[in-house]
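Visitor: In the numbering used here, the protein residues as written are -9 to 583.
C-beta: ideal position from N, C-alpha, C; glycine also.
Here the structure is a predicted model, which is why all the values come from computation and not from measurement.
Have a look at this one before I ask anything.
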């Protein structure tokens, strides 16, 4: 490999950021003074490339951007070719390889925030901001229940963050000028309109349990599921989960575990994908903020089932409070013997490493996430083999999201038969839905699988002048008000559990254009159909807005051709589903009719 390091040197702050993660260099090959021992060996043989993204984040946290000198020093320490590291640094929207101020103000411009006036917010903030603050129009910040949203990050030691949501011009400017003086975020329970109600399972502890207290978590049933898992044994856990229903997420989880267990090339790994970069999605954030110990326990159970001794919890850098709370939960569990070399004194070793992501939607594709953890660009891999066969570091790997993992606890805890008796034939238990947009009570809702869209929107207080609802998020489809009496079950189009409602004051063509921009920006560029198709889709939508009649009809026909190519030939779900929302808006809503 080409290890041509440039002549640029890191600043003292950049060097300190890298050494805080990796320690001081121990040889000439890593940047220390040359010694006689260094002349007798070619260089370090240990592979530490998986620390590339944490290293880039460390530099970005300390300085606010990544200079050539900082990148060169990090590459020398990790023995990574600078050209490849540059590719990783420029892949993620969180980073900049050009100088920028230490304070960055990100204003969300995705669907719900756009409908809530994000454009006017950006314009007002831009007029009021002075020098020393960099304004970014950001993709979804995962704060849709409090739209419009803004996030401030001020680089330094330590890095400081502040959330402004719902954001005003004055509030966003104040947070940018003094992050420490920004108002405290509301409790996680405010994002759960059902908090404290009887009958909740997945959300039963949010707003009830102190998220910082392990003792409070255990007093409310915490770690009973893990004790039962140890009593059942790994094979028994897999049988219990797989047999909890003839279909649905639990059944698929059990199938993934069986595939991983059948492999002989251990060790296995467990990865929790808590990145949640899809517009309108915020359930994982709410679970981590309101019930973080449940995720730690659930990851331990899943790892025990597949024989993994190391787990990676990957979450968005735009979730500072969720990151802080799960980090505290992991540390508390480790201190109390619930993680580490001897979990609960049962002779089983397991620990969790928290990995911050850098804000790319494609990381929701599991193989792209695995590439990112390993220190490569977050591009999807060809399948087969699946991650359960050959995943992280070439070993069997189970990849699950937060809701799937937390959903294991009621299956294994006492009273599981009552839980599994709810739902539909193919989807047992309950499911979480993120509702936002034109509703009175946006937030995360828990409903039995099989509940209808109408029931969900009624619980959220949908407004009478509903124009359409986008079900399944940006990769889902629009439905009309007369199409709401359809079950939100696993076998339907519940998809990501995202439901965004839009009344007749929201300009749908503008939303469709934003969806197209989102997929254009988030395409990793690896496959031609997605790299080119997402751009052509956005161009056609821009032309349609400015044209009518036959000219617009020609572009709608072009959109259909592009959409078919995206769906049939794209490598992963990002490109395959990039046409869904636009297609449904054209065919079912007659947006351009």
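Compute the distance between the beta-carbons of residue 489 and residue 360, then report whether it is under 8 angstroms.
Guide: To locate residue 489, count along the chain shown from 1; it is residue 499. To locate residue 360, count along the chain shown from 1; it is residue 370. No.
Visitor: So the candidates are 244, 309, 385 and 229; which of them puts its Cα closest to the Cα of residue 301?
Guide: Here residue 301 refers to the residue found at position 311 when the chain shown is read from its first residue. Of the listed residues, the one whose Cα sits closest to residue 301 is 385.
Visitor: Could you check what DSSP says for residue 553 in three-state terms: helix, strand or coil?
Guide: Here residue 553 refers to the residue found at position 563 of the chain shown. Note: residue 553 maps to helix in three-state DSSP.
Visitor: Which class does residue 85 belong to by DSSP, given the choice of helix, strand or coil?
Guide: Start at 1 with the first residue of the chain shown, and residue 85 comes out as number 95. If DSSP states are grouped into helix, strand and coil, residue 85 belongs with coil.
Visitor: List the residues that DSSP assigns as beta-bridge partners of residue 327.
Guide: The count along the chain shown starts at 1 and reaches residue 327 at position 337. According to DSSP, which records beta bridges pairwise, residue 327 is partnered with nothing at all.
Visitor: For residue 262, which residues does DSSP report across the bridge?
Guide: As a working note, residue 262 is residue 272 in the chain shown. Paired residue(s): 303 and 390.
Visitor: Report the rounded CA-to-CA distance for residue 208 versus residue 287, giving the unit in angstroms.
Guide: As a working mapping, residue 208 is identified with position 218 in the chain shown. As a working mapping, residue 287 is identified with position 297 in the chain shown. Using only the alpha carbons, I get a separation of about 11 angstroms.
Visitor: Could you spell out where the alpha helix (DSSP H) holding residue 493 opens and where it closes?
Guide: As a working note, residue 493 is residue 503 in the chain shown. Run containing residue 493: none in the alpha helix (DSSP H); it sits in the beta strand (DSSP E), 488 to 493.
Visitor: Which complete beta strand (DSSP E) runs does the segment 416 to 456 hold, if anything under 3 residues is left out?
Guide: 420 to 427 and 433 to 438
Visitor: For residue 142, which residues from the same chain have a beta carbon less than 6 angstroms from its beta carbon, with the 5 sequence-adjacent residues on both sides left out?
Guide: Residue 142 sits at position 152 when you count from the first residue of the chain shown. Correct list, in chain order: 95, 152, 165, 166 and 169.
Visitor: Taking 7 angstroms as the limit between beta carbons, can you name the residues of its chain near residue 80, skipping five residues before and five after?
Guide: Within the chain shown, numbered from 1, the residue matching residue 80 stands at position 90. Same-chain partners within the cutoff: 87.
Visitor: Please report the distance separating the alpha-carbon of residue 460 from that of residue 41.
Guide: If you number the chain shown from 1, residue 460 lands on position 470. If you number the chain shown from 1, residue 41 lands on position 51. Cα-Cα distance, rounded: 38 angstroms.
Visitor: Less than 8 angstroms between the C-beta atoms of residue 496 and residue 105, yes or no?
Guide: Mapped onto the chain shown, residue 496 falls at position 506. Mapped onto the chain shown, residue 105 falls at position 115. Their beta carbons are under 8 angstroms apart, which means residue 496 touches residue 105 by this criterion.
Visitor: Let me check one thing: in DSSP terms, what residues is residue 151 bridge-paired to?
Guide: For the purposes of this step, residue 151 is taken as the residue at position 161 of the chain shown. BP columns for residue 151 point to 143.
Visitor: Determine the direct distance from the alpha carbon of residue 329 to that of residue 281, and round the result to whole angstroms.
Guide: The residue labelled residue 281 in the question sits at position 291 within the chain shown. The residue labelled residue 329 in the question sits at position 339 within the chain shown. Each residue's alpha carbon lies about 17 angstroms from the other.
Visitor: In three-state DSSP terms, what is residue 512?
Guide: In the chain shown, the residue the question calls residue 512 occupies position 522. If DSSP states are grouped into helix, strand and coil, residue 512 belongs with the helices.
Visitor: Rounded to whole angstroms, what is the Cα-Cα separation between residue 71 and residue 303?
Guide: Walking along the chain shown from the start, residue 71 turns up at place 81. Walking along the chain shown from the start, residue 303 turns up at place 313. Using only the alpha carbons, I get a separation of about 27 angstroms.
Visitor: In whole angstroms, what is the alpha-carbon distance linking residue 284 and residue 212?
Guide: Taking the first residue of the chain shown as position 1, residue 284 is located at position 294. Taking the first residue of the chain shown as position 1, residue 212 is located at position 222. Distance between the alpha carbons of residue 284 and residue 212: 7 angstroms.
Visitor: By the three-class DSSP mapping on this structure, what secondary structure does residue 246 have?
Guide: Here residue 246 is taken as the residue at index 256 of the chain shown, counted from 1. Note: residue 246 maps to helix in three-state DSSP.
Visitor: Start and end of the beta strand (DSSP E) containing residue 342?
Guide: The residue labelled residue 342 in the question sits at position 352 within the chain shown. Counted as a single uninterrupted DSSP element, the beta strand (DSSP E) harbouring residue 342 occupies residues 341 to 346.
Visitor: Please report the distance separating the alpha-carbon of residue 563 from that of residue 475.
Guide: Residue mapping note: residue 563 aligns to position 573 of the chain shown, counting from 1. Residue mapping note: residue 475 aligns to position 485 of the chain shown, counting from 1. The straight-line gap from Cα to Cα measures roughly 27 angstroms.
Visitor: What are the start and end residues of the beta strand (DSSP E) that includes residue 128?
Guide: Position 138 of the chain shown, counted from the first residue, corresponds to residue 128. Taken as a continuous stretch (DSSP letters only), the beta strand (DSSP E) holding residue 128 covers 123 to 128.
Visitor: Which full runs of the beta strand (DSSP E) of 3+ residues lie inside the segment 51 to 112, going along the chain?
Guide: 93 to 98
Visitor: Taking the alpha carbon of residue 135 as the point to measure from, which residue in -3, 111, 205 and 275 has its own alpha carbon closest?
Guide: For the purposes of this step, residue 135 is identified with residue 145 of the chain shown, where counting begins at 1. Of the listed residues, the one whose Cα sits closest to residue 135 is 275.
Visitor: What number of angstroms, rounded off, separates the C-alpha of residue 56 from the C-alpha of residue 112?
Guide: If you number the chain shown from 1, residue 56 lands on position 66. If you number the chain shown from 1, residue 112 lands on position 122. Take the alpha-carbon of residue 56 and the one of residue 112: they are about 26 angstroms apart.
Visitor: With a threshold of 16 other CB atoms inside 10 Å of the CB of residue 50, please say whether the residue is buried or exposed.
Guide: Position 60 of the chain shown, counted from the first residue, corresponds to residue 50. The residue is buried, with at least 16 neighbouring Cβ atoms inside 10 Å.
Visitor: Rank 349, 491, 189 and 225 by C-alpha distance to the C-alpha of residue 102 and give the top, closest one.
Guide: For the purposes of this step, residue 102 is taken as residue 112 along the chain shown, with counting starting at 1. Cα-wise, what sits closest to residue 102 is 491.
Visitor: Just verifying my parser: in three-state terms, what is the DSSP assignment at residue 7?
Guide: Taking the chain shown and counting its residues from 1, one reaches residue 7 at position 17. Reduced to three states, the DSSP call for residue 7 is helix.
Visitor: Could you name the residues that DSSP lists as bridge partners for residue 298?
Guide: Taking the first residue of the chain shown as position 1, residue 298 is located at position 308. Paired residues: 258.
Visitor: Cα separation between residue 231 and residue 259?
Guide: If you number the chain shown from 1, residue 231 lands on position 241. If you number the chain shown from 1, residue 259 lands on position 269. Distance between the alpha carbons of residue 231 and residue 259: 19 angstroms.
Visitor: Is the number of C-beta pairs between the segment 179 to 196 and the segment 359 to 379 that are closer than 8 angstroms three or more?
Guide: no
Visitor: Would you kindly report the start and end of the unbroken alpha helix (DSSP H) that includes residue 522?
Guide: In the chain shown, counting from the first residue as 1, residue 522 sits at position 532. Residue range 518 to 536 is occupied by the alpha helix (DSSP H) that includes residue 522.
Visitor: Give a yes or no on whether the minimum CB-CB distance between residue 253 and chain C is below 8 angstroms.
Guide: Included in the structure is just one protein chain, with no chain C present.
Visitor: Is it true that the segment 386 to 405 meets the segment 189 to 203, where meeting means three or more beta-carbon pairs spaced less than 8 angstroms apart?
Guide: Contact annotation: the segment 386 to 405 touches the segment 189 to 203, with at least three C-beta pairs closer than 8 angstroms.
Visitor: Are the CB atoms of residue 128 and residue 90 nearer to each other than 8 angstroms?
Guide: For the purposes of this step, residue 128 is taken as residue 138 along the chain shown, with counting starting at 1. For the purposes of this step, residue 90 is taken as residue 100 along the chain shown, with counting starting at 1. No, Cβ-Cβ distance for residue 128 and residue 90 is not below 8 angstroms.
Visitor: For the candidate residues 76, 253, 82 and 404, whose alpha-carbon lies nearest to that of residue 358?
Guide: The count along the chain shown starts at 1 and reaches residue 358 at position 368. Among 76, 253, 82 and 404, the Cα nearest to that of residue 358 belongs to 82.
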